[in-house]
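Enquirer: Quick one: structure below, then a few questions.
Protein chains: 2
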Amino acid sequence: MSENNNATILLVDDEPDILEFMKYNLKKEDYHVMTAANGKDAIQLAKKHVPDLILLDIMMPEMDGIETCKLIREIPALKETFIVFLTARSEDYSQIAGFDAGADDYVSKPIKPKLLLSRIKALLRRKKGDTVERRFTAGDIEIDRDQYVVLVKGVSMDLPRKEFELLSLLAAKPGRVFTRDEILRAVWGNDVFVGDRTIDVHIRKIREKIGEDSIKTVKGIGYKFEF
Amino acid sequence: MSENNNATILLVDDEPDILEFMKYNLKKEDYHVMTAANGKDAIQLAKKHVPDLILLDIMMPEMDGIETCKLIREIPALKETFIVFLTARSEDYSQIAGFDAGADDYVSKPIKPKLLLSRIKALLRRKKGDTVERRFTAGDIEIDRDQYVVLVKGVSMDLPRKEFELLSLLAAKPGRVFTRDEILRAVWGNDVFVGDRTIDVHIRKIREKIGEDSIKTVKGIGYKFEF
DNA sequence: GTGCACATTAAGAAATTGTTAAACCATTCA
DNA sequence: TGAATGGTTTAACAATTTCTTAATGTGCAC
Chain A
2 MSENNNATIL
12 LVDDEPDILE
22 FMKYNLKKED
32 YHVMTAANGK
42 DAIQLAKKHV
52 PDLILLDIMM
62 PEMDGIETCK
72 LIREIPALKE
82 TFIVFLTARS
92 EDYSQIAGFD
102 AGADDYVSKP
112 IKPKLLLSRI
122 KALLRRKKGD
132 TVERRFTAGD
142 IEIDRDQYVV
152 LVKGVSMDLP
162 RKEFELLSLL
172 AAKPGRVFTR
182 DEILRAVWGN
192 DVFVGDRTID
202 VHIRKIREKI
212 GEDSIKTVKG
222 IGYKFEF
Chain B
2 MSENNNATIL
12 LVDDEPDILE
22 FMKYNLKKED
32 YHVMTAANGK
42 DAIQLAKKHV
52 PDLILLDIMM
62 PEMDGIETCK
72 LIREIPALKE
82 TFIVFLTARS
92 EDYSQIAGFD
102 AGADDYVSKP
112 IKPKLLLSRI
122 KALLRRKKGD
132 TVERRFTAGD
142 IEIDRDQYVV
152 LVKGVSMDLP
162 RKEFELLSLL
172 AAKPGRVFTR
182 DEILRAVWGN
192 DVFVGDRTID
202 VHIRKIREKI
212 GEDSIKTVKG
222 IGYKFEF
């Protein structure tokens, strides 16, 4: 059974067979798929229907993947879009200069559907441009994203994922109020819908663990972290 | 019981009370402690008896911590020395520009001995400018990548390749969480994809051999090595 | 008092990891 | 070549943890 992946993926490759093959595999996973046979078409399409992720073959006649990638990166509307390069196996990771061009990942041919899908999933899970501090302090709590722990007055405790992300979000900007919508988008992602009370429950658990008045309720708006 | 910390630490602070307090705590842990009340003296001392780590108060009359730090960083003999800033709570992490000046870490006042000590330990554990150590120790396991051997409490045991690489990866950065994706790429390579449970099985075997709680599960994220 | 927004709790759903055994694979050795 | 061996991966299922929901309570504003 496939999950609900409503993300849109743009496939760019000059070989129709590969295009078909990948399209088949992606559709099976409920992704919305668009295809283009060259860089120029790809850019046109991407501008029109902004995709969440672009799978870009490196070797293409006329405009190659690197070139296409650079052009895409200059389009403001596509700032949030992930770009994954498809490379021939022989090409070396460090050689391809794909990352300089603005790629987020690369997968080498021949394509293994399972690998490709897991990579796509991993990318879509994280949000673009999320340059969060790896470690910061707020009052007497300290958050270390590398270790995935929060220290309360120097004592380490580990919160489960949602609690950690939620606290992390609030504590990163002490005093600033986050609306429920903001919290939802940041912690749960753009296309996840959970009940109204779900956030409350997580807040409750955090308060239980790090102190009742660490997180303040701003009625009608949302929550904020204060110290 | 304190371990054998023969590292030398230079304490720099203009407040005698704080100096005493920290000296007491560090000595209790068997560190060799030197103190200085201002930046100038600190530099003199550091040149003479090269310390492993310098604890440097930011706010000091005459020459402040930042300035002192910059000067220290220009002394070749102190290239390997870690510098940790002591900041007042209110000062913001990003504002202090301490990292630009060449600091390796910072701890905010009021000083909590436990936190401070754990930071110091963490720093001293890794050697300055280390990429992938060929040989390193983490808790009571010791890994020698050249000989492909791991010693547990001094007893050598040979793990098969995958287990060795996996343990090696985690133990090289104690405390830091590695996601399954990261582990896959590091141990199996970028192009290989193995089933979801494969990593678990290897983790299990490692735990069997070097102790159940050597590797900690961080649900929803990955694994980390701790001691 | 009524309505609205949030708080609390406990239960069951969902997701993730643990465990085991067996299949698979490559290499060595007779 | 063909067992034998040790290592790796898979698959099935168990165990566990985390998440979400739903029901109910509380307090404040109008």
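Protein sequence lines correspond, in order, to chains A and B.
Residue 2 is where the first sequence starts when you use this note's numbering, and the numbers rise one by one after that.
Residue 2 is where the second sequence starts when you use this note's numbering, and the numbers rise one by one after that.
Ideal Cβ placement from N, Cα and C applies to all residues, glycine included.
Checking contacts by CB at 9 Å: is K225(B) closer than that to chain A?
Expert: Along the second sequence, one-based indexing puts residue 225(B) at 224. Yes, because at least one Cβ of chain A sits closer than 9 Å to the Cβ of K225(B).
Enquirer: Give the secondary structure of H33(B) by DSSP, where H, G and I count as helix, E and B as strand, and everything else as coil.
Expert: Numbered from its first residue, the second sequence carries residue 33(B) at position 32. Strand.
Enquirer: When the cut-off is 9 Å and only beta carbons count, does N191(B) lie next to chain A?
Expert: Here the question's residue 191(B) lines up with position 190 in the second sequence. Yes, contact with chain A.
Enquirer: Exposed or buried, what is G223(B) when buried is set at 16 or more other beta-carbons lying within 10 Å of its beta-carbon?
Expert: Mapped onto the second sequence, residue 223(B) falls at position 222. The residue in question, G223(B), is buried, as its Cβ has 16 or more Cβ neighbours within 10 Å.
Enquirer: Closest by CA to V13(A), which one among K28(A), F22(A), A43(A)?
Expert: Within the first sequence, numbered from 1, the residue matching residue 13(A) stands at position 12. Out of K28(A), F22(A), A43(A), A43(A) has the C-alpha closest to the C-alpha of V13(A).
Enquirer: Tell me which same chain residues have a C-beta within less than 6 Å of the C-beta of E164(B), skipping the five on either side of it?
Expert: By 1-based counting over the second sequence, the position of residue 164(B) is 163. Hits under 6 Å: H203, K206, I207.
Enquirer: Looking at the structure shown, is D131(B) part of a helix, part of a strand, or coil, going by DSSP?
Expert: For the purposes of this step, residue 131(B) is identified with residue 130 of the second sequence, where counting begins at 1. Bear in mind that the predicted position of D131(B) carries a pLDDT of just 48, short of 50, making it unreliable; the figure below should be weighed with that in mind. If DSSP states are grouped into helix, strand and coil, D131(B) belongs with coil.
Enquirer: Is the beta carbon of V151(B) less than 9 Å from the beta carbon of V178(B)?
Expert: As a first step, residue 151(B) is located in the second sequence; it is residue number 150 there, counting from the start. As a first step, residue 178(B) is located in the second sequence; it is residue number 177 there, counting from the start. Taking 9 Å as the Cβ cut-off, V151(B) and V178(B) do not qualify as a contacting pair.
Enquirer: Rounded to whole angstroms, how far is the Cβ of I59(A) from the Cβ of L87(A), which I believe are closer than 8 Å?
Expert: Stepping through the first sequence from its first residue, residue 59(A) is reached at position 58. Stepping through the first sequence from its first residue, residue 87(A) is reached at position 86. Yes, I59(A) and L87(A) are in contact; Cβ-Cβ is about 6 Å, under 8 Å.
Enquirer: Counting only the same chain and skipping the five closest in sequence on each side, list residues whose C-beta sits under 6 Å from that of Q96(B).
Expert: Position 95 of the second sequence, counted from the start, is the residue given in the question as residue 96(B). Unreliable positioning characterises Q96(B) in this predicted model, as indicated by a pLDDT of 42, which lies under 50. A coordinate reading is not provided.
Enquirer: Output, in sequence order along the chain, the residues in the stretch 23-57 of chain A whose CB is closer than 9 Å to any CB in chain B.
Expert: Result list empty, no residue passes.
Enquirer: Would you list, in sequence order, the uninterrupted beta strand (DSSP E) runs of no fewer than 3 residues that lie entirely inside the stretch 47-97 of chain A?
Expert: List check, beta strand (DSSP E) in window: 54-58, 83-89.
Enquirer: Checking the sheet assignment: what are the DSSP bridge partners for T218(B)?
Expert: The residue given as residue 218(B) occupies position 217 in the second sequence. Its beta-bridge partners are Y224(B).
Enquirer: Among residues of its own chain, excluding the 5 on either side of D145(A), which ones have a beta-carbon nearer than 8 Å to its beta-carbon?
Expert: For this step, residue 145(A) is matched to residue 144 along the first sequence. Here the set comprises R135, R136, V151, L152.
Enquirer: Out of G40(B), I10(B), K41(B), which one is the CA nearest neighbour of N26(B)?
Expert: For the purposes of this step, residue 26(B) is taken as residue 25 along the second sequence, with counting starting at 1. Answer by Cα proximity: I10(B).
Enquirer: How would you list, in chain order, the residues of chain B whose beta-carbon sits under 7 Å from the beta-carbon of D1(A)?
Expert: No statement about residue 1(A) is possible, as the shown extent of chain A runs from 2 to 228 and does not include it.
Enquirer: Do A104(B) and L57(B) have their C-beta atoms within less than 9 Å of each other?
Expert: Within the second sequence, numbered from 1, the residue matching residue 104(B) stands at position 103. Within the second sequence, numbered from 1, the residue matching residue 57(B) stands at position 56. Yes, they are a contact pair.
Enquirer: Verify the CB distance criterion: does P77(A) have a CB-CB separation below 9 Å to chain B?
Expert: Position 76 of the first sequence, counting from 1, holds the residue named residue 77(A). No, because no Cβ of chain B sits closer than 9 Å to the Cβ of P77(A).
Enquirer: Would L168(B) and I211(B) qualify as a contact pair, given that the criterion is a beta-carbon distance under 9 Å?
Expert: Looking up residue 168(B) in the second sequence gives position 167. Looking up residue 211(B) in the second sequence gives position 210. Cβ distance < 9 Å, so L168(B) and I211(B) count as in contact.
Enquirer: Identify the contact partners of A173(A) in chain B, using a Cβ-Cβ distance below 7 Å as the criterion.
Expert: Residue 173(A) sits at position 172 when you count from the first residue of the first sequence. By Cβ distance, chain B contributes nothing, its closest Cβ being about 11 Å from A173(A), past 7 Å.
Enquirer: Report back the beta-carbon spacing between K71(A) and A89(A) to the nearest angstrom; my notes put them in contact at under 8 Å.
Expert: Taking the first residue of the first sequence as 1, we reach residue 71(A) at position 70. Taking the first residue of the first sequence as 1, we reach residue 89(A) at position 88. In fact, because the Cβ distance is near 20 Å, the residues do not count as touching under 8 Å.
Enquirer: Would I204(B) count as contacting chain A if we go by Cβ distances under 9 Å?
Expert: The residue labelled residue 204(B) in the question sits at position 203 within the second sequence. Answer no: the Cβ-Cβ gap between I204(B) and chain A never drops below 9 Å.
Enquirer: Specify the secondary structure class of Y25(A) as computed by DSSP and reduced to three states.
Expert: On the first sequence, position 24 is the one that residue 25(A) refers to. In this structure, Y25(A) counts as helix in the three-state DSSP scheme.
Enquirer: Thinking L54(A) and I121(A) are a contact (beta carbons under 8 Å), I'd like their distance in whole angstroms, please.
Expert: Locating residue 54(A) in the first sequence gives position 53, where the first residue counts as 1. Locating residue 121(A) in the first sequence gives position 120, where the first residue counts as 1. Correct: roughly 6 Å between the Cβ atoms.
Enquirer: Exposed or buried, T180(A), counting other C-beta atoms within 10 Å across all chains shown (16 or more means buried)?
Expert: One-based indexing of the first sequence puts residue 180(A) at position 179. Per the 10 Å Cβ criterion, exposed.
Enquirer: Could you please give the first and the last residue of the uninterrupted alpha helix (DSSP H) stretch that includes V195(A)?
Expert: Counting from 1 along the first sequence, the entry for residue 195(A) is found at position 194. From DSSP, V195(A) is part of no alpha helix (DSSP H); its letter is neither H nor E.
Enquirer: Where do the ends of the beta strand (DSSP E) carrying A139(B) lie?
Expert: As a first step, residue 139(B) must be located in the second sequence, where it is residue number 138. Taken as a continuous stretch (DSSP letters only), the beta strand (DSSP E) holding A139(B) covers 136-139.
Enquirer: At a CB distance below 7 Å, what residues from the stretch 108-120 of chain A approach chain B? Give them in sequence order.
Expert: Per Cβ criterion, the list reads S109, K113, K115, L116, S119.
Enquirer: When DSSP labels each residue in this structure, what does L160(B) get in the three-state scheme?
Expert: Reading the second sequence from its first residue, position 159 is the one you call residue 160(B). Residue state, collapsed to three classes: coil.
Enquirer: Note down the Cα distance separating P1(A) from K24(A), rounded to an integer number of angstroms.
Expert: Nothing about residue 1(A) can be read from this structure; chain A reaches only from 2 to 228.
Enquirer: Is there a C-beta anywhere in chain A that falls below 9 Å from the one on I222(B)?
Expert: In the second sequence, the residue the question calls residue 222(B) occupies position 221. Judged by the 9 Å Cβ criterion, I222(B) is in contact with chain A.
Enquirer: What does the Cβ neighbour count give for A172(A), buried or exposed, with the cut at 16 atoms within 10 Å?
Expert: Counting from one through the first sequence, the residue named residue 172(A) turns up at place 171. Under this definition A172(A) is a buried residue.
Enquirer: V219(B) CB to nearest chain A CB: under 9 Å?
Expert: Translated into positions along the second sequence, residue 219(B) becomes position 218. Yes - at least one Cβ of chain A is within 9 Å of the one on V219(B).
Enquirer: Taking only the alpha-carbon atoms, compute the straight-line gap between D93(B) and V133(A) and give it to the nearest angstrom.
Expert: For the purposes of this step, residue 93(B) is identified with residue 92 of the second sequence, where counting begins at 1. For the purposes of this step, residue 133(A) is identified with residue 132 of the first sequence, where counting begins at 1. With a pLDDT of 49 at D93(B), under the threshold of 50, the modelled position of this residue cannot be trusted, and the question is left open.
Enquirer: Between the C-alpha atoms of P175(B) and S119(A), what's the straight-line distance to the nearest angstrom?
Expert: Translated into positions along the second sequence, residue 175(B) becomes position 174. Translated into positions along the first sequence, residue 119(A) becomes position 118. Taking the straight line joining both Cα atoms gives about 27 Å.
Enquirer: I112(B) by DSSP, collapsed to three states: which one?
Expert: Taking the first residue of the second sequence as position 1, residue 112(B) is located at position 111. Coil, per DSSP.
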